[in-house]
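J.: First residue of the sequence shown: 1, per my numbering; consecutive thereafter.
Cβ atoms here follow ideal geometry from the backbone N, Cα and C, with glycine treated the same way.
Here you go, one structure.
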Amino acid sequence: MASPIKPEPGRGGAPQRDAELRQACNEYLDMLRHARRLSPRTLTNYRRDLEDLQTRAQSHELPLAGITPHHIRAWVAALHGGGMTPRAIAARLSGWRGLFTWLGQHGRLPSNPVQDVRAPRAARPLPKALSVDQAVALASYAPAADTPEASTPAGPLARARGRAIAELLYSSGLRVSELVSLDMRYTRTAEHESAGWVDWDACEVTVLGKGGKRRTVPVGTPALQALRDWLALRPSASPASVASDQAALFLGPRGRRISPQRVWEELRARARAAGLPTAVHPHMLRHSFASHLLQSSGDLRGVQELLGHASIASTQIYTRLDFQHLAKVYDAAHPRAKKPR
Numbered sequence: 001m002a003s004p005i006k007p008e009p010g011r012g013g014a015p016q017r018d019a020e021l022r023q024a025c026n027e028y029l030d031m032l033r034h035a036r037r038l039s040p041r042t043l044t045n046y047r048r049d050l051e052d053l054q055t056r057a058q059s060h061e062l063p064l065a066g067i068t069p070h071h072i073r074a075w076v077a078a079l080h081g082g083g084m085t086p087r088a089i090a091a092r093l094s095g096w097r098g099l100f101t102w103l104g105q106h107g108r109l110p111s112n113p114v115q116d117v118r119a120p121r122a123a124r125p126l127p128k129a130l131s132v133d134q135a136v137a138l139a140s141y142a143p144a145a146d147t148p149e150a151s152t153p154a155g156p157l158a159r160a161r162g163r164a165i166a167e168l169l170y171s172s173g174l175r176v177s178e179l180v181s182l183d184m185r186y187t188r189t190a191e192h193e194s195a196g197w198v199d200w201d202a203c204e205v206t207v208l209g210k211g212g213k214r215r216t217v218p219v220g221t222p223a224l225q226a227l228r229d230w231l232a233l234r235p236s237a238s239p240a241s242v243a244s245d246q247a248a249l250f251l252g253p254r255g256r257r258i259s260p261q262r263v264w265e266e267l268r269a270r271a272r273a274a275g276l277p278t279a280v281h282p283h284m285l286r287h288s289f290a291s292h293l294l295q296s297s298g299d300l301r302g303v304q305e306l307l308g309h310a311s312i313a314s315t316q317i318y319t320r321l322d323f324q325h326l327a328k329v330y331d332a333a334h335p336r337a338k339k340p341r
C-alpha cells in the first residue's frame, strides 16, 4: 500500500505552500487507493511521481497554484536531459496530469498546467530487414536430396509452396494478410469474389490492403516460376475427401486456404534450414523488399505506391535503413572513418 507523502526532514516545518501541495498529493493518493482501488504497485508509482513533483516545486519555492506549463516543460526537459526515456517521462506526466485534473474537478485549481505538455517523442525503431544475400538465400533455398525434409512424402509439395511464398513476399512486398487472400485468378461467383489475384499475362498481383485500398504490384520472374512450380503440384494438396477452397492460390496441409500462422511457421522453419542467423517473419521480407528497392532506385514515392502506404511518412523510415547501410560502407572503406578497435 502506498504510504502518504511525508515532509522533508530537517526543514523545521514546511512552509504553507509546501504543506498545501503535500496535502493535495496525499488526498489524491487516498482517492486512488479507496475510490479507484488501484493496486499497491500502481499506487507506489503514483507516489513516486508525486514526490518528484513536490521536490521540484519546493526547489523553486512554488505554491500549488503557482505551477505553470512553463515549469512543467522545464522539468520535462530536465528529466529528458537526465536520461529518462520518453516512455517513462510520459508515465510521470500522466501521474502529474491526473493530480491536477482531479484538483480542477473539485474547484481547487483554475487550470491544469500539465494539460498541453507532452513527453518527448520516442525514437521509432528501425524495421528489421535481411541483406540482399540473405533474402535471395531464403527464397531460393532447397534442401539437399539426402535430408529428411527431401525424403518425406509431403516434401516436394511443402518445398514448392514454401519457395513460392518466400519468392512472392520478397518480390512484391506483400503483407501476409494480402498473400493468404490471393486467388489463382480473379473469381466472382455468388459465394465468393476475389480480394486479391494473380494476373499471369501482366506478371502482376492485385491485392486489397489496409483501409480497403487496392493496389497492383509487379511479380518478378523467379517468383512467377516458383508460383508455376507450386501450381503444378497444387492439385495434390487438396484430396477429394477434403473440402478445399477451389479459388485459393495457396492451400495448407488440410486442403484449405493457408492461414497467416502457417505462413509464419513455415517461413521461420525455412530460414532455420537455410542457415539464416536471424528469426524471419513475413513482414521482414516486406521490409527487405522496400529497403533493397529504395537502395537501388532512390524513388521514395515509387516505393510508397508499391507498399500501399497512405502517407509517405510511413515509407520514409526506409531511408534511415538506407543511410545505415551507407554508414557501414563508409566506416568499412573510408581512410578517415572511425573504425572500431
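So, with DSSP's three-state summary, where would you put residue 118?
T.: Residue 118 sits at position 118 when you count from the first residue of the sequence shown. In this structure, residue 118 counts as coil in the three-state DSSP scheme.
J.: Mind listing, in chain order, the continuous alpha helix (DSSP H) runs of no fewer than 4 residues lying wholly within the stretch 277 to 324?
T.: Fully enclosed alpha helix (DSSP H) runs of no fewer than 4 residues occupy 282 to 297, 300 to 307 and 312 to 315 of the stretch 277 to 324, in order along the chain.
J.: Assuming contact is defined by CB atoms lying nearer than 7 angstroms, are residue 238 and residue 255 in contact in what I supplied?
T.: Start at 1 with the first residue of the sequence shown, and residue 238 comes out as number 238. Start at 1 with the first residue of the sequence shown, and residue 255 comes out as number 255. Contact: yes.
J.: For residue 318, count the other beta carbons within 10 Å of its own beta carbon; 16 or more makes it buried, fewer makes it exposed. Which is it?
T.: Residue numbering aside, residue 318 sits at position 318 when the sequence shown is read from its first letter. So residue 318 ends up on the buried side.
J.: Tell me where the alpha helix (DSSP H) around residue 229 begins and ends.
T.: Here residue 229 refers to the residue found at position 229 when the sequence shown is read from its first residue. Its alpha helix (DSSP H) spans residues 221 to 233.
J.: Does DSSP put residue 29 in a helix, a strand or coil?
T.: Translated into the one-based positions of the sequence shown, residue 29 becomes position 29. Secondary structure of residue 29 (DSSP, three-state): helix.
J.: Cβ atoms of residue 93 and residue 119: under 7 angstroms apart, would you say?
T.: Position 119 of the sequence shown, counted from the start, is the residue given in the question as residue 119. Position 93 of the sequence shown, counted from the start, is the residue given in the question as residue 93. In contact: residue 119 and residue 93 (Cβ atoms closer than 7 angstroms).
J.: Distance check for residue 301 and residue 97, CA to CA, integer angstroms please.
T.: In the sequence shown, residue 97 corresponds to position 97, counting from 1. In the sequence shown, residue 301 corresponds to position 301, counting from 1. Computed Cα separation, rounded: 41 angstroms.
J.: Could you give the residue range of the beta strand (DSSP E) that holds residue 187?
T.: By 1-based counting over the sequence shown, the position of residue 187 is 187. Taken as a continuous stretch (DSSP letters only), residue 187 belongs to no beta strand (DSSP E), as it is neither H nor E.
J.: Using the rule of at least 16 other Cβ atoms within 10 Å of the residue's Cβ for burial, across every protein chain shown, is residue 291 buried or exposed?
T.: In the sequence shown, counting from the first residue as 1, residue 291 sits at position 291. Classification for residue 291: buried.
J.: Once you ignore the five residues that flank residue 161 on each side, which residues in its own chain have a CB closer than 7 angstroms to its CB?
T.: Position 161 of the sequence shown, counting from 1, holds the residue named residue 161. Sequence-distant Cβ neighbours of residue 161 in its own chain, meaning closer than 7 angstroms and more than five residues away, are 230 and 250.
J.: How far does the beta strand (DSSP E) with residue 197 in it reach, from first residue to last?
T.: Here residue 197 is taken as the residue at index 197 of the sequence shown, counted from 1. Element bounds for residue 197: 196 to 199.
J.: Just the Cα atoms here: how many angstroms apart are residue 62 and residue 28?
T.: Taking the first residue of the sequence shown as 1, we reach residue 62 at position 62. Taking the first residue of the sequence shown as 1, we reach residue 28 at position 28. Looking at the two C-alpha atoms, the distance is approximately 19 angstroms.
J.: Using alpha carbons as the reference points, say which of 225, 311, 209 and 172 lies closest to residue 219.
T.: By 1-based counting over the sequence shown, the position of residue 219 is 219. The shortest C-alpha separation from residue 219 is found at 172.
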